[in-house]
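K.L.:
Quick one: structure below, then a few questions.
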Amino acid sequence: MSKDRHIEALVEKFLDGRTTNAEEQQLYDWFAISNVPEEWADLKAMFAWYSSGMPENSVEPVVSKPKFSLSLSLRRRIVAISSAVAVVVIAMVTWISSREVNIYKGSYIIEQGTYCDNLDYIQEDIEALLEQADEIERRSNQLMALAD
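Okay, so the sequence shown: first residue is 39 according to the working numbering, each after it adds one.
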């Protein structure tokens, strides 16, 4: 087993809490060398802390990734723009859904030679004609079924 793989196995054992004192000392000694692989740099700092007796105030500062923060004015702009977009979307949805759709718009009849497009007057006639058309369609479907 190569030295790196052996150390990797010991690190896994250490993190699982299964190492002996001798194995831990071996890890402390190995991580004390200067040429530790880059991917184990964090482990080197951790093992240095353990080997020094785990002091509460470590000499080496903990390096953390800088947090991404937005300035207050930028956050306010984002909230204002988001609110405006939400208001516009709600207004459009309300306007579209409130529009009354009349399926008979544009309908007309010619009764005794007179053109009439007053929907209040002709709506009953339109509905009666639609019922008649449905009845004719039902009869034709029955006749087609008999012909087959």
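Yeah, the Cβ is synthetic: ideal placement off N, Cα and C, and Gly gets one too.
What did DSSP end up calling threonine 57 once you bin it into helix, strand or coil?
P.N.:
Coil.
K.L.:
Where does glutamate 175 fall in DSSP's three states?
P.N.:
DSSP places glutamate 175 in helix when its eight states are reduced to three.
K.L.:
Alpha carbon to alpha carbon, what distance is there between leucine 110 and serine 145?
P.N.:
C-alpha separation (whole angstroms): 59 Å.
K.L.:
Helix, strand or coil for tyrosine 146 per DSSP?
P.N.:
Tyrosine 146 falls in the coil class under three-state DSSP.
K.L.:
Does the Cβ of leucine 65 have 16 or more other Cβ atoms within 10 Å, making it buried, or fewer, making it exposed?
P.N.:
Per the 10 Å Cβ criterion, buried.
K.L.:
Assuming phenylalanine 69 and phenylalanine 52 form a contact by the criterion Cβ under 8 Å, report the distance between their Cβ atoms to the nearest whole angstrom.
P.N.:
Not quite, the Cβ-Cβ distance comes to about 11 Å (not below 8 Å), so this is no contact.
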